[in-house]
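Beneath this line is the structure, given in structure tokens, with notes to follow.
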Amino acid sequence: MEKMKIIEILSSWNFWGEGIETGIKRDLYTQEILSSLEGVNKIISIFGIRRSGKSYILRQIAKEISKLKDSSNVLYVNFEEMKFPTNLNKDFLINVYEAYKEFIQPKGKPLIILDEIQEVKFWEMFVRSLHERNEANIIISGSSAKLMAEEFESILAGRCINFEILPLSFKEFLIFNNIEISERDILLKSSLFKKLIIEYLKIGGFPEIVLEKNEEKRKRIVESYWETIIIKDIEKRYKIRADEYLRAIGRFLISNPSSLVNIRNISKTLETPLKTTERFVKYFQIVRMVEFIKRFSFSVKTQEKSPKKVYLMDISFFTLLGFRFMENLGRIMENCVAIELLRRKNYLYNNSEIFYFKDYQQNEVDFVLKEGLKIKQLIQVTYASSKDEIEKREIKALIKASNELKCKDLLLITWDYEDEIKVKGKKIKCLPLWKWLLLPR
């Protein structure tokens, strides 16, 4: 393809040309990624579940850098552009870069954003070469079908900083619905937030679904995501023929959010081969449809042998694909807390780890937050709207874990009860879910 034609195509994607729609800002990600560009010669890789908003975040970064420096200093390329040739390779990538330098003439060290890079054969040779010459800052993104964090790392041999993009948080959900969320708003608009947390827990945080107001269309969108993940992200990628096993295991996982699972029991329940079950469960984690949390233990062997808790990256797979909402609200709340903790771990508390607690007497605490060698906080989640509705076993488990793990910071996330409970000389802070999600972290 001629260089002039390449520039003509790229002009509709770049801010030195016509520019492109950047969507609603997602500052948590853009600010963190922008700060990582300063002073560190690392390739930044963006990954996450399909349709979580990766491409829009890349466009927002391109726009921000174009404003801060000069629009000519940013090259954004989406390799799913229909006008590009069908068989892309590194020679085409080199041609794109040379056309950009020749016609746009960047001033200083440019930022090169390569979106859907998996469409280009041998792309890593170009990226590695550019990085080794320290010629440009580079951000790469690949669909979950072909490239995930560990694969970026193995291909680029430790040159990467990885950022996972998650579906919308509750704060982002409110922003997408044009609702202000200052500390004053939290005090004055509690009834509104209580209403909206129900909608958030029902429809989840995929941007397209949040912006779509028709319920039937929302369901069809989630169904299409499910099919695309099954067919493109797993079956095509791993050349799977046992489609009925894969779908059965996927259905099992999405129908059991916030539940203890182990491979042997899944295999026995579904009558699927043990090794196949283990492999397919791993695939659903790789494409970021689910995440697993381990049991806390000072013994690594016990951690690995114990059942894990499964959480959905977006609860819409559960709520919009036919499972009852009110009957499962406690589990849905816990799933919401798990994904928010993962988000905070990724972007606020990088050295933290998340576990659940369970002792031999079956006392269970939903979340154990560990920083370094210290247990920072214990969190229990309950669908309770008053002190009387809080089950004694939940308090008992918190106290037991507090004593065993020597942790004083105890939190009970409720539906609509806020207070401080004192039990056996210990203080348990009770906070409604909506408020915990909105308060400064």
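Residue numbers for the sequence shown, in our numbering: 11 to 451.
Virtual Cβ for every residue (Gly too), placed ideally from N, Cα, C.
Identity of the residue in the options nearest residue i by Cα
| i | options | result |
| --- | --- | --- |
| residue 114 | 20, 439 and 311 | 20 |
| residue 389 | 212, 424 and 370 | 424 |
| residue 44 | 333, 79, 422 and 391 | 79 |
| residue 97 | 172, 131, 314 and 55 | 131 |
| residue 265 | 275, 235, 321 and 60 | 321 |
| residue 317 | 451, 410, 109 and 303 | 303 |
| residue 258 | 410, 251 and 282 | 282 |
| residue 448 | 74, 51, 288 and 178 | 178 |
| residue 382 | 360, 256 and 234 | 360 |
| residue 30 | 49, 52 and 66 | 66 |
| residue 146 | 86, 129 and 128 | 86 |
| residue 34 | 73, 50 and 344 | 73 |
| residue 366 | 150, 308 and 326 | 308 |
| residue 119 | 250, 141, 278 and 391 | 141 |
| residue 380 | 354, 404 and 391 | 354 |
| residue 51 | 124, 128 and 143 | 143 |
| residue 171 | 212, 42 and 409 | 42 |
| residue 188 | 221, 214, 215 and 94 | 221 |
| residue 112 | 14, 415, 246 and 240 | 14 |
Straight-line Cα distance separating residue j from residue i
| i | j | result |
| --- | --- | --- |
| residue 47 | residue 401 | 48 Å |
| residue 117 | residue 101 | 24 Å |
| residue 347 | residue 90 | 35 Å |
| residue 394 | residue 384 | 29 Å |
| residue 284 | residue 352 | 29 Å |
| residue 180 | residue 444 | 8 Å |
| residue 339 | residue 16 | 52 Å |
| residue 440 | residue 269 | 23 Å |
| residue 134 | residue 166 | 7 Å |
| residue 182 | residue 358 | 16 Å |
| residue 422 | residue 451 | 16 Å |
| residue 39 | residue 64 | 10 Å |
| residue 236 | residue 437 | 43 Å |
| residue 374 | residue 137 | 47 Å |
| residue 378 | residue 219 | 31 Å |
| residue 300 | residue 294 | 6 Å |
| residue 57 | residue 152 | 7 Å |
| residue 83 | residue 175 | 25 Å |
| residue 253 | residue 238 | 13 Å |
| residue 280 | residue 271 | 13 Å |
| residue 205 | residue 332 | 22 Å |
| residue 99 | residue 150 | 16 Å |
| residue 403 | residue 435 | 17 Å |
| residue 191 | residue 109 | 45 Å |
| residue 410 | residue 277 | 33 Å |
Beta-carbon separation (whole angstroms), residue i vs residue j, contact threshold 8 Å
| i | j | result |
| --- | --- | --- |
| residue 186 | residue 217 | 7 Å |
| residue 429 | residue 397 | 7 Å |
| residue 297 | residue 273 | Incorrect: roughly 18 Å between the Cβ atoms, too far for contact. |
| residue 122 | residue 148 | 5 Å |
| residue 25 | residue 76 | 4 Å |
In DSSP terms, what residue i is bridged to
| i | result |
| --- | --- |
| residue 389 | 377 and 421 |
| residue 124 | 87 and 150 |
| residue 366 | 305 |
| residue 271 | 318 |
| residue 440 | 422 and 429 |
| residue 337 | None; residue 337 has no bridge partner. |
| residue 300 | 322 |
| residue 130 | 98 |
| residue 55 | 150 and 172 |
| residue 384 | 381 |
Where residue i falls, given that 16 or more other Cβ within 10 Å makes a residue buried
| i | result |
| --- | --- |
| residue 193 | exposed |
| residue 370 | exposed |
| residue 70 | buried |
| residue 248 | exposed |
| residue 323 | buried |
| residue 168 | exposed |
| residue 243 | buried |
| residue 198 | exposed |
| residue 334 | exposed |
| residue 203 | buried |
| residue 36 | buried |
| residue 311 | exposed |
| residue 461 | Examination of residue 461 is not possible in this model, given that the chain is present from 11 through 451 alone. |
| residue 350 | buried |
| residue 343 | buried |
| residue 442 | buried |
| residue 126 | buried |
| residue 368 | buried |
| residue 326 | buried |
| residue 275 | exposed |
| residue 139 | exposed |
| residue 49 | exposed |
Test: residue i CB closer than 9 Å to a CB of chain D
| i | result |
| --- | --- |
| residue 169 | Although the question refers to chain D, the structure presented lacks it and comprises just one protein chain. |
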